[in-house]
Amino acid sequence: IDWQSVKTYEDILYHKADGIAKITINRPHKRNAFRPKTVFELYDAFANAREDTRIGVILLTGAGPHTDGKYAFCAGGDQSVRGHAGYVGEDGVPRLNVLDLQRLMRSMPKVIIALVAGYAIGGGHVLHILCDLTIAADNAVFGQTGPKVGSFDGGFGASYLSRIVGQKKAREIWYLCRQYSATQALEMGLVNCVVPVEQLEAEGIQWAQEILEKSPIAIRCLKAAFNADCDGQAGLQELAGNATLLYYMSEEGAEGKQAFLEKRSPDFRQYPWLP
Ligand code: 2NE
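In this text, residue positions in the sequence shown follow the working numbering: the first is 30, and each later residue adds one.
Have a look at this one:
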């Protein structure tokens, strides 16, 4: 695949090729932990992928291995810039802007696949949870650390995790802060498959290509439907937004707009009241 760099950032890499976007967190010296700038850049890249009608699948991964030979997907919030009320950027403002990124990833109508080599820990673990699918390398390590380092994610990080692995396992993961291997993650349904680390990207591309052969509207409605099951009114908004989109694409929906523009009464009588 011929990856083309889309834009130059400081903390991430952003590539596209053949309908696939690849976003790489690029702070291997910090096990790809994110600071506010990293999150702003991730948000910018995901927003770009969302708006690009050629892109159907986004691969999210971490740069590596680091010079010490170790891999990381993401080790969560950068604790060295954690201030009194969040993670502090160059402007001195404390933020938890990763929550904005989580909502974008959750709601964007395209498939996001996490490619996890090495550590997916803390807020980095939550990022893989938020991805539609996760492909793990055989060296992947999963876990939450919040209660150990004075933090927690009680949003998707707790509630959606429990939908994935069940309440007992989710409570174990958060209360004990253990680390889990790729095999254990597969057993608990936390990842979709495990492959040798050198095969990780190729596997991600293969899954993406299979998805890209499918109907974009079917996939976007399914993602919204899976979300709606968990996400309350925000989930219903997403699902219903797809109904509006499809209605706009119909003759019946277009008749209303056309009549308004032509300053006449709409003629909906030609359309059936289907059973
Ligand atoms: C990831 C893990 C288990 C890796 O361990 P190891 O032994 O392989 O590496 P090491 O030596 O700990 O880390 C290598 C370098 O990366 C930095 C380290 O400080 C170290 O730097 P140097 O000493 O070489 O200069 N590093 C790693 N993770 C970092 C981090 N998160 N922030 C800043 N620097 C980091 C091990 O490194 C680990 O346990 N990391 C911490 C994981 C963690 O607790 N993350 C934060 C959870 S809270 C969170 O993410 C969060 C939230 O709960 C709610 C909202 C938003 C965020």
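All C-beta atoms, glycine included, are put in the ideal place defined by N, C-alpha and C.
Treat the numbers as computed from the prediction; the structure is a model and nothing was measured.
{"query": "Strictly closer than 6 Å from CB to any heavy atom of the ligand 2NE: give me those residues in the order they appear in the chain.", "result": "Lys-59, Arg-60, Ala-62, Lys-99, Ala-104, Gly-105, Gly-106, Asp-107, Gln-108, Ser-109, Leu-125, Val-127, Tyr-148, Ile-150, Gly-151, Gly-152, Thr-174, Gly-175, Val-178, Ser-180, Phe-181, Asp-182"}
{"query": "Output the distance between the C-alpha atoms of Asp-47 and Lys-177, rounded to the nearest integer angstrom.", "result": "42 Å"}
{"query": "Please list, in chain order, all residues of the same chain as Val-140 whose beta carbon is under 8 Å from its beta carbon, the five residues on each side excluded.", "result": "Gly-85, Val-86, Ile-87, Asp-161, Leu-162, Ala-237, Ile-240, Ile-248, Lys-252"}
{"query": "Within the continuous beta strand (DSSP E) that includes Cys-259, where are the two ends?", "result": "That residue, Cys-259, is in no beta strand (DSSP E); it is neither H nor E in DSSP."}
{"query": "Output the distance between the C-alpha atoms of Arg-79 and Met-137, rounded to the nearest integer angstrom.", "result": "6 Å"}
{"query": "Cys-222 and Thr-174 look like a contact to me (Cβ under 8 Å); what is the Cβ gap, rounded to whole Å?", "result": "Going by Cβ atoms, the distance from Cys-222 to Thr-174 rounds to 25 Å, so no, they are not a contact pair."}
{"query": "Using only alpha-carbon positions, find the residue among Ala-104, Ala-211, Glu-230, Ile-164 that is nearest to Trp-25.", "result": "Because the chain is modelled from 30 through 304, residue 25 falls outside the range shown and cannot be assessed."}
{"query": "By a C-beta neighbour count over all protein chains shown, 10 Å radius and 16 as the cutoff for buried, is His-20 buried or exposed?", "result": "Coverage of the chain is limited to positions 30 through 304, which leaves residue 20 absent and any answer about it impossible."}
{"query": "Can you check which of these residues, Tyr-189, Ile-164, Lys-243, Phe-181, is closest to Thr-212 by C-alpha distance?", "result": "Ile-164"}
{"query": "What is the DSSP secondary structure of Cys-21, counted as helix, strand or coil?", "result": "Absent from the model: residue 21. The displayed extent of the chain is 30 to 304, so no value can be given."}
{"query": "Looking at the unbroken beta strand (DSSP E) that takes in Gly-172, where does it start and where does it end?", "result": "170-172"}
{"query": "Shortest alpha-carbon distance to Pro-301 belongs to which of Arg-293, Leu-290, Ala-288, Ser-279?", "result": "Ser-279"}
{"query": "Could you pull out every residue in the same chain whose Cβ sits closer than 6 Å to the Cβ of Leu-190, ignoring the five residues on either side in sequence?", "result": "Ile-158, Ala-199"}
{"query": "Ordered along the chain, which non-local residues of its own chain (more than five positions away) have a Cβ less than 6 Å from that of Phe-69?", "result": "none"}
{"query": "Looking at Ala-74 and Tyr-100, is the spacing between their C-beta atoms short of 7 Å?", "result": "no"}
{"query": "Is it the case that the Cβ atoms of Tyr-116 and Val-110 are separated by a distance below 7 Å?", "result": "yes"}
{"query": "Going by C-alpha distance, which of His-113, Leu-130, Ala-114, Arg-60 is nearest Ala-76?", "result": "Leu-130"}
{"query": "Helix, strand or coil: which one does DSSP assign to Gly-115?", "result": "strand"}
{"query": "Please look up how many angstroms separate the CB atoms of Arg-192 and Cys-259, rounded, as I've assumed it's under 8 Å.", "result": "6 Å"}
{"query": "On a CA-only basis, which of Arg-64, Ser-34, Ala-283, Asp-296 is nearest Lys-45? Give me that one, please.", "result": "Ser-34"}
{"query": "Which runs of the alpha helix (DSSP H) at least 4 residues long sit entirely within the region 73-138? Give them in chain order.", "result": "127-136"}
{"query": "Keeping to the same chain, check which residues put their C-beta closer than 6 Å to that of Gly-186; ignore five residues upstream and five downstream.", "result": "Val-155"}
{"query": "Compute the distance between the beta-carbons of Gly-152 and Val-127, then report whether it is under 7 Å.", "result": "yes"}
{"query": "Label Leu-144 either buried or exposed according to how many other C-beta atoms from any shown protein chain fall within 10 Å of its C-beta, with 16 as the threshold for buried.", "result": "buried"}
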